[in-house]
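Comments concern the structure below.
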Amino acid sequence: MYQPPHFQETRQDVLHGLIRTHPLGLLISNGAEGPVANAIPFLIDADVPPNGRLRAHLAKANPQWRLLADAPASPVLVVFQGADAYVTPSWYETKRETGKVVPTWNYAIVQVRGTVKVIEDRDWIAQQIADLTLSQEGSREAPWAVTDAPPPFIQSQIKGIIGLEIEITDISGKWKVSQNRPTADRVGVAEGLENEAAGAPDMARLVRSYGGLDNS
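Residue 595 in the working numbering is what sits at position 149 of the sequence shown, and the numbering runs on without skipping anything.
Laid out in structure tokens, this is it:
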């Protein structure tokens, strides 16, 4: 990943935090015919040294798991996309001063590299799906649990999936959130995202936080 120093995010708790809030990762591996990619939800076990561990599962009908099982030492890449938003030059004070501005795109992203262990143990898979469900249902007023479904049905579902553990060998983050712009431009971007861009409040908060504008 192209990483200008001013966009680097290296704090592990922040990187893990993005994975928790945006758990749908793109799992990328190599196959005989080239790269293979599938979007699947992940859990992060942050307490596994040195960088944490990812857990997930795939449908057995998905051929990617066999590629992973056949080449267990091959590295994989998982990409987690956080908040993102288009940034118009119209929000920049520099546009009014010099006109020397162009559009850009702000985003927060985490890339994880590691090695995969394919798991067929049904108890492990049962725990994985219970944990994943809890991570999404736990905050709901009336959360659904795996145990709400008939056990024979759940067992039949478990037969159709395969577990994955990815030991993280490298984790990197890029928070491109207008840090490279003058203060007045950062203010304009934050206000523009808050006032004009539907669905962009998360990016506005990042621009304010990383741009030192929290008290502005």
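Note that CB positions come from ideal geometry on N, CA and C, so glycine has one too.
According to DSSP, is residue i helix, strand or coil?
{"i": "D491", "result": "strand"}
{"i": "G638", "result": "helix"}
{"i": "S520", "result": "coil"}
{"i": "Q510", "result": "helix"}
{"i": "D631", "result": "helix"}
{"i": "L473", "result": "strand"}
{"i": "R457", "result": "coil"}
{"i": "K541", "result": "helix"}
{"i": "L504", "result": "strand"}
{"i": "L464", "result": "helix"}
{"i": "V482", "result": "strand"}
{"i": "W590", "result": "coil"}
{"i": "D569", "result": "helix"}
{"i": "D676", "result": "The structure shown does not extend to residue 676, since the chain is modelled only from 447 to 662, so the question has no answer here."}
{"i": "V623", "result": "coil"}
{"i": "Q449", "result": "coil"}
{"i": "S618", "result": "strand"}
{"i": "A554", "result": "strand"}
{"i": "V547", "result": "coil"}
{"i": "A646", "result": "coil"}
Could you pull out every residue in the same chain whose Cβ sits closer than 7 Å to the Cβ of residue i, ignoring the five residues on either side in sequence?
{"i": "A505", "result": "G606 and I607"}
{"i": "L461", "result": "E455, V556, I617 and G619"}
{"i": "W551", "result": "D530, Y532 and V533"}
Considering only residues of the same chain and omitting the five flanking positions on each side of residue i, which have a CB-CB separation below 6 Å?
{"i": "N476", "result": "none"}
{"i": "V522", "result": "S475 and V562"}
{"i": "P469", "result": "P487 and F488"}
{"i": "N641", "result": "none"}
{"i": "V547", "result": "P535, Y538, T540 and K541"}
{"i": "P518", "result": "none"}
Let me confirm a value: residue i is counted as buried when at least 16 other C-beta atoms fall within 10 Å, else exposed. Which label applies?
{"i": "Y656", "result": "buried"}
{"i": "W590", "result": "exposed"}
{"i": "E455", "result": "buried"}
{"i": "V653", "result": "buried"}
{"i": "I631", "result": "Looking at the sequence provided, one finds Asp at residue 631 rather than Ile. Buried, by the Cβ-count rule."}
{"i": "Y448", "result": "exposed"}
{"i": "Q510", "result": "buried"}
{"i": "Q574", "result": "buried"}
{"i": "G545", "result": "exposed"}
{"i": "S662", "result": "Bear in mind that a pLDDT of 48 at S662, under 50, signals an unreliable position, so the number given afterwards is only what the model happens to contain. Exposed, by the Cβ-count rule."}
For residue i, which residues of its own chain have a beta-carbon under 8 Å away from its beta-carbon, when the five flanking residues on both sides are left out?
{"i": "P549", "result": "Y532, V533, T534 and P535"}
{"i": "I571", "result": "H503, I565, I604, I607, I608 and G609"}
Using alpha carbons as the reference points, say which of the options lies closest to residue i.
{"i": "Y553", "options": "Y448, M649 and M447", "result": "M649"}
{"i": "W621", "options": "V592, F599 and R651", "result": "R651"}
{"i": "P450", "options": "F526, G658, V623 and P628", "result": "V623"}
{"i": "H503", "options": "R627, D530 and G609", "result": "G609"}
{"i": "Y538", "options": "A646, G658 and R627", "result": "R627"}
{"i": "N508", "options": "D530, P518 and V482", "result": "V482"}
{"i": "Q601", "options": "R457, A492, E479 and D567", "result": "D567"}
{"i": "L513", "options": "E479, R457, E543 and E640", "result": "E479"}
{"i": "G528", "options": "Q458, R586, R466 and D516", "result": "R466"}
{"i": "H452", "options": "T629, Q625, G634 and A492", "result": "Q625"}
{"i": "V525", "options": "P518, L472 and D493", "result": "L472"}
Using 8 Å as the cut-off, can you tell me whether the region 557–567 makes contact with the region 608–620, which would need three or more C-beta pairs spanning the two stretches below that distance? Contact between the region 557–567 and the region 608–620 is present, because at least three Cβ pairs lie under 8 Å.
Contact the region 486–499 vs the region 585–594: 3+ CB pairs below 8 Å: These segments do not touch.
For the 8 Å Cβ check, are there 3 or more pairs between the region 566–580 and the region 480–491? The region 566–580 is in contact with the region 480–491.
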